[in-house]
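Residue numbers (this note's numbering): 150 to 524.
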């Protein structure tokens with residue numbers, strides 16, 4: 150799958166209206182838009198002889214054709230391998246990729262859609278990227294956000310391979326690839342700060358809710374301190390974030406507003422930003438009072454030192470304007486401040502980053518790969 154969310158001014162986007170399959174989940178979770186588009190997504194020809202990619206996936210077993218485990222349906226990873234984006238192995242050589250098997254699969258699919266193998270490779274990549282871009286547009290539009298104001302943080306095994314194309318499509322100026330991109334979610338679980346969530350539903354007019362809000366917050370703070378003591382956690386450095394969910398009377402959806410200053414004015418401003426209008430004078434309702442308690446993070450991500458001389462090789466990579474003989478850099482060998490123009494590949498054990506023609510990249514002081522994407 151491909152999963153997207155937004156981080157605005159250092160804060161993740163949360164929702165209390167998530168779904169698991171067809172069941173609503175009445176708990177606050179990070180607001181993520183997911184689509185069936187990833188390295189294992191299967192490419193096929195539909196009844197109208199059009200090329201489709203996903204949502205069905207080959208998974209890890211049998212996986213892409215190139216895994217050599219019996220898979221017989223072309224996947225995005227097979228196209229990436231045949232197009233030179235992927236090298237001859239994954240996981241530091243522990244998972245060899247069989248390019249000849251992938252090439253035969255691509256050739257068979259090309260015959261079905263009456264295209265050359267190169268056109269089919271590019272077609273698979275374009276279709277899966279279009280699915281990803283659609284999900285990104287949905288989540289940005291839903292929150293009233295302009296993609297030109299953001300950087301695209303790309304992780305996962307396949308994310309850094311396709312991020313540049315999504316950034317160009319949505320006019321996002323920069324792509325950032327963190328350390329350990331292939332294990333970024335797992336590492337995030339280990340280093341993420343402890344967070345406590347408290348909420349209480351109190352439906353009433355906002356102009357008559359101040360006492361109820363204050364009582365709820367006081368109760369939450371008392372419960373939070375008790376919970377921290379019970380878990381033998383040091384509350385020093387903890388951040389207490391108070392907020393309320395507000396809506397216009399008659400609406401079925403709410404907007405979360407930090408509990409400070411003029412709540413009505415803040416709600417109208419945010420409503421206008423998201424939905425294009427603010428109903429001045431319309432009554433505003435309080436729906437939920439919330440408290441989030443965040444403890445400091447205790448672990449930071451180490452920065453590999455890099456080597457005095459970057460380690461490189463070369464291979465052919467297929468872009469829209471044809472094949473290019475592209476330098477392949479070993480990420481662990483790149484020092485802070487290293488800068489190079491595209492096209493280029495940055496390879497590591499668990500991920501591959503693509504820098505296309507017309508773009509450039511550098512190694513940020515915190516170890517990120519920072520790609521400047523031009524249209």
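Quick reminder that beta carbons are idealized off the backbone N, C-alpha and C, glycines included.
Of the listed residues the options, nearest to residue i (C-alpha basis)
i           : options            : result
residue 498 : 166, 385, 330      : 330
residue 386 : 512, 290, 442      : 442
residue 302 : 461, 153, 494, 376 : 153
residue 486 : 471, 511, 480, 493 : 511
residue 394 : 493, 518, 420, 370 : 420
residue 463 : 427, 274, 237, 437 : 237
residue 281 : 188, 431, 522      : 188
residue 167 : 160, 179, 413, 161 : 179
residue 346 : 392, 363, 318      : 392
residue 410 : 278, 318, 274, 359 : 359
residue 517 : 505, 488, 506, 492 : 488
residue 169 : 158, 270, 183      : 183
residue 254 : 215, 401, 515      : 215
residue 341 : 320, 159, 444      : 444
residue 233 : 513, 471, 354      : 471
residue 292 : 300, 250, 162, 475 : 162
residue 186 : 206, 197, 200, 220 : 206
residue 285 : 318, 403, 398      : 318
residue 396 : 348, 279, 428      : 428
residue 190 : 400, 404, 204, 289 : 204
residue 492 : 465, 500, 479, 513 : 465
residue 276 : 202, 505, 389      : 202
In DSSP terms, what residue i is bridged to
i           : result
residue 470 : DSSP output for residue 470 lists no bridge partner at all.
residue 284 : None, per the DSSP bridge assignment.
residue 244 : 239
residue 484 : DSSP lists no partner for residue 484.
residue 397 : 433
residue 337 : Residue 337 is not bridged to any residue.
residue 169 : 172
residue 478 : 461, 495
residue 416 : BP columns for residue 416 are empty, so no partner.
residue 347 : 440
residue 323 : 300, 521
Three-state class that DSSP yields for residue i in the structure shown
i           : result
residue 276 : helix
residue 210 : coil
residue 432 : coil
residue 342 : coil
residue 155 : coil
residue 302 : strand
residue 440 : strand
residue 330 : helix
residue 518 : strand
residue 181 : coil
residue 380 : coil
residue 497 : strand
residue 176 : coil
residue 511 : strand
residue 408 : coil
residue 403 : coil
residue 265 : coil
residue 307 : coil
Backbone CA spacing between residue i and residue j [nearest angstrom]
i           : j           : result
residue 230 : residue 174 : 39 angstroms
residue 509 : residue 181 : 29 angstroms
residue 458 : residue 490 : 17 angstroms
residue 211 : residue 306 : 17 angstroms
residue 361 : residue 433 : 15 angstroms
residue 156 : residue 328 : 18 angstroms
residue 477 : residue 235 : 10 angstroms
residue 265 : residue 311 : 22 angstroms
residue 295 : residue 406 : 20 angstroms
residue 343 : residue 177 : 15 angstroms
residue 526 : residue 164 : The question about residue 526 has no answer, for the chain in this structure spans 150 to 524.
residue 431 : residue 415 : 14 angstroms
residue 380 : residue 217 : 49 angstroms
residue 481 : residue 356 : 58 angstroms
residue 494 : residue 268 : 21 angstroms
residue 377 : residue 383 : 7 angstroms
residue 371 : residue 412 : 24 angstroms
residue 316 : residue 436 : 37 angstroms
residue 408 : residue 425 : 23 angstroms
residue 502 : residue 520 : 10 angstroms
residue 515 : residue 484 : 11 angstroms
residue 239 : residue 245 : 6 angstroms
residue 222 : residue 193 : 8 angstroms
residue 304 : residue 338 : 14 angstroms
residue 270 : residue 460 : 28 angstroms
residue 350 : residue 208 : 41 angstroms
residue 219 : residue 249 : 14 angstroms
The ligand ATP heavy atom lying under 7 angstroms from the CB of residue i
i           : result
residue 359 : With respect to the ligand ATP, the structure offers nothing, as it holds no ligand at all.
The stretch 334–348 touching the stretch 251–269, judged by at least three CB pairs closer than 8 angstroms: no
Quick one: any contact between the stretch 315–325 and the stretch 412–419, if contact means 3 or more CB pairs under 8 angstroms? no
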